[in-house]
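Residue numbers (the numbering used here): 3 to 132.
Built from N, CA and C at the ideal position, the CB exists for glycine as well.
All values derive from a computational prediction rather than experimental measurement.
Scroll down for the structure; my scribbles are underneath it.
The following block contains the structure:
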């Protein structure tokens, strides 16, 4: 399994534990190019979108690798954010299983060490799911 898939699965497991009433749909497969990796929704129609990225380690500033469909995914997220739907890029790294969470309007294609979050900190940042 590639590292981004492993990371995505790990975060999905965390989300299901943290928010058992949220329906989580994974959209990342070879047929859905251009759609962000994950959609989470509640019965009250709250929806969020998350695009996952993965880097093997974090430096002070590191370019996040792009893949086919990345530009479409970012455009999709920006379109949804414009109409009030939360849209994020979540960058994972092997080092201490840490995360960097960016609202799509603040994501510049780089991950920064100053933005590293632990699992507990990520949970705190995701309070908008509650």
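- A Cβ-Cβ contact shorter than 8 angstroms links residue 113 with residue 66.
- DSSP, read as helix, strand or coil, puts residue 45 in coil.
- Of the residues assessed, residue 94 falls on the buried side of the cut-off, its CB having 16 or more other CB atoms within 10 angstroms.
- Ranking 38, 116, 23 by CA distance to the CA of residue 45 puts 23 first.
- If you look at residue 101, you'll find it in the beta strand (DSSP E) that goes 100 to 105.
- By the C-beta density criterion, residue 123 is exposed, having fewer than 16 other C-beta atoms within 10 angstroms.
- In the three-state scheme derived from DSSP, where H, G and I count as helix and E and B as strand, residue 61 is classed as coil.
- Shortest Cα-Cα distance from residue 80 to any of 60, 99, 52, 62 involves 52.
- Residue pairing from DSSP leaves residue 80 without any beta-bridge partner.
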